[in-house]
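Residue numbers (my numbering): 125 to 318.
What follows is one structure encoded as structure tokens, with my remarks underneath.
Quick look at the structure:
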């Protein structure tokens with residue numbers, strides 16, 4: 125998606141070690157117009173999968189998940205990292221490695237909002253190693269839901285996440301594919317079919 129790629133080049137920062145800082149428009153400060161365009165593109169790409177719910181991870185996946193949910197007119201659920209007192213005692217819980225925090229974090233979802241028989245579309249900000257998305261898929265499956273697709277705003281193709289997701293056997297779509305971040309660069313892969 126050209127608008128997203130242009131914004132990454134203009135405002136994203138390569139911090140080294142595979143970390144791309146996009147918090148000025150994705151996950152700390154959010155550009156609602158750009159996120160709406162991304163949500164509409166995800167809706168176009170995944171409409172054929174007939175999702176009934178979107179699942180994402182707190183906090184960075186919320187903006188693209190919300191706009192995708194608006195475009196598809198379906199609810200979103202985000203997996204929490206801390207358990208509020210309002211959440212039931214029994215939850216769907218798993219762990220996922222945090223690339224920026226360098227630790228494993230727990231993520232959880234309430235069985236009140238994720239149930240058997242639902243068709244779940246996973247939307248997240250990044251597809252890197254695929255471990256967060258696989259953790260979200262574990263939560264969906266623990267609920268008895270079916271994962272029908274995975275969408276990422278930005279894919280770092282050099283980290284192998286797409287291969288890690290093959291076991292899900294669902295369509296995987298990324299709006300911007302980065303093939304190289306060595307030497308402070310941000311190089312997009314345009315040969316991949318989106």
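Beta carbons are placed, not taken as given, at the ideal position from N, Cα and C, and that holds for glycine.
Smallest Cα separation from residue 251: which of 309, 274, 168 and 264?
Minimum Cα distance to residue 251 is reached at 274.
Apart from the five residues on each side of it in sequence, which residues of its chain come closer than 7 Å, Cβ to Cβ, to residue 296?
For residue 296, where only same-chain residues beyond five positions count, the Cβ hits under 7 Å are 274, 286 and 289.
If you draw a straight line from the C-alpha of residue 316 to the C-alpha of residue 217, how long is it?
Here residue 316 scores only 41 on pLDDT, less than 50, and its place in the model is too uncertain to base an answer on.
Is the CB-CB distance between residue 142 and residue 310 below 9 Å?
For residue 142 and residue 310, no; Cβs fall outside 9 Å.
What's the gap between the Cα of residue 314 and the Cα of residue 282?
Roughly 14 Å separates the two Cα atoms.
Might you give, ordered along the chain, the residues of its own chain that have their beta carbon closer than 8 Å to the beta carbon of residue 165, omitting 5 neighbours on each side?
Counting only Cβ-Cβ distances below 8 Å, and skipping sequence neighbours, we find 125 and 299.
Taking the alpha-carbon positions, what's the residue 232 to residue 178 distance?
One C-alpha to the other measures close to 15 Å.
With residue 163 and residue 194 assumed to form a contact (beta carbons below 8 Å), what rounded beta-carbon distance in angstroms separates them?
Going by Cβ atoms, the distance from residue 163 to residue 194 rounds to 6 Å, so yes, they are a contact pair.
Where does the unbroken beta strand (DSSP E) through residue 188 begin, and where does it stop?
Element bounds for residue 188: not the beta strand (DSSP E) but the alpha helix (DSSP H), 186-196.
Apart from the five residues on each side of it in sequence, which residues of its chain come closer than 6 Å, Cβ to Cβ, to residue 308?
Contacts found: 138.
In the DSSP output, what is residue 249 paired with across the bridge?
In DSSP, residue 249 forms no bridge with anything.
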